[in-house]
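Participant: Numbering (the numbering used here), first residue to last: 502 to 698.
So that we are looking at the same thing, I have put the structure below in structure tokens.
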């Protein structure tokens, strides 16, 4: 009796490697099985969630926008046997363009951490977030969304309000090779109202 072999862990690639908002981006998931005639299908993941209805080896994003920003990976499937996840690619804003950083590189910067001062700021006073990693530029995220035009290691809010409460995170780009770190864990900002002081 022939037993279907688990497909080989796929490799994920993206074209083009540098692009602007509104452009076509093509992701390709490449895998094989020990049995060449076996029919492969694919599972696509965005931010660890399955993209429903996407089973081909090619995923096309016809007009890239902020909703497409995030981490992408794929798995190969044959006869209910599923491969390990591919390498991860993160599609993320960089200045006025969007790029696919090289993922999984040993020389990529480590996962940063975020610190905040003060821990519980008073309403209408300032707060400073620091991304604790070394790099050439930084991305800041508020509740998972990119904070526009914030590319420095520190992110300052001069007068916080209740609307600023939420989770803040960062990642870092290192050097001319545009090696991108993983995104930090989020740190929660809670505002102390003046009536409580």
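Note that beta-carbon positions come from the ideal geometry of N, C-alpha and C, so glycine has one too.
#1: Pairing CB atoms from the segment 571-584 with CB atoms from the segment 540-550, are three or more of them under 8 Å?
#2: Should the segment 580-588 be regarded as contacting the segment 619-639, the criterion being three or more beta carbon pairs within less than 8 Å?
#3: Would you mind stating whether residue 564 and residue 510 have Cβ atoms separated by less than 8 Å?
#4: Considering only residues of the same chain and omitting the five flanking positions on each side of residue 662, which have a CB-CB separation below 8 Å?
#5: Would you say residue 568 lies against chain C (beta-carbon separation less than 8 Å)?
#6: Would you list, in sequence order, the uninterrupted beta strand (DSSP E) runs of no fewer than 3 residues that lie entirely inside the segment 534-582?
#7: Note down, in chain order, each residue of its chain lying with its Cβ closer than 6 Å to the Cβ of residue 636, except the 5 sequence neighbours on either side.
#8: Starting from residue 632, follow its DSSP beta bridges and name the residues at the other end.
Facilitator: Walking through what the data contain:
#1: yes
#2: no
#3: Judged by beta-carbon spacing, residue 510 lies beyond the 8 Å limit of residue 564, meaning their Cβ atoms are not closer than that value.
#4: 624, 625 and 692
#5: Protein chains in the displayed structure number just one, and chain C is not present.
#6: With a minimum length of 3 residues, the continuous beta strand (DSSP E) runs that stay inside the segment 534-582 are 542-547, 559-562 and 571-579.
#7: 610, 673, 674 and 675
#8: 615
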